[in-house]
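Quick note: the sequence shown uses full-length UniProt numbering, first residue 1, plus one each step.
The beta carbon of each residue, even a glycine, is placed where N, CA and C say it ideally should be.
One structure is given below, encoded as structure tokens.
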Amino acid sequence: MHFEDIIMNNVSNPVLIDQVYCPCNQCNAKLPSLVKISKVTIKNIRGTSASPAAVKLSRSSGVPCKDVEIADIDITYTGKEAPNEAVSQCSNVRPRLSGRQNPPTCSVPAV
């Protein structure tokens, strides 16, 4: 997957890859997802986020994501809920970083 040169304008969850997504709470939380995600590039994404989580990368503990590159991210939070700044949430991923990272990539654990 390749995402590049995108401008976000007051978008909720502008950068979101959630491998553990479970609609309607009908999933077995004890069984990790077996979907493999790899070779992801997220580059030159800028703009504003309506939600505090500007970047969220949530991967399965059973099949962690591999080959993730994040470069030149500049997203600010425009909402009023706490925290008053954009955050980047990650779990089970170790991305390669380059360029500007605003918010700092993987600064808080994904929930």
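Burial state of Arg-59 is buried, judged by a 10 Å Cβ sphere holding 16 or more other Cβ atoms.
In the DSSP assignment, Thr-48 falls within the unbroken beta strand (DSSP E) covering 38 to 49. The C-beta distance from Val-87 to Ala-54 rounds to 7 Å, short enough to fall under 8 Å.
Taking a C-beta distance under 8 Å as the contact criterion, Glu-4 and Lys-36 do not qualify as a contact pair.
Among the bridge pairs identified by DSSP, Gln-101 is matched with Ile-73.
Within the same chain, Cβ atoms closer than 6 Å to the Cβ of Ile-70 are found at Ile-42, Pro-95, Leu-97, Thr-105, the five residues on either side in sequence being excluded. Short of 8 Å from the beta carbon of Ile-75, and not among the five residues preceding or following it, lie these beta carbons of its own chain, in chain order: Met-8, Pro-14, Val-15, Ile-45, Arg-46, Gly-47, Thr-48, Ser-49, Ala-54, Val-55, Ala-86, Asn-102, Pro-103.
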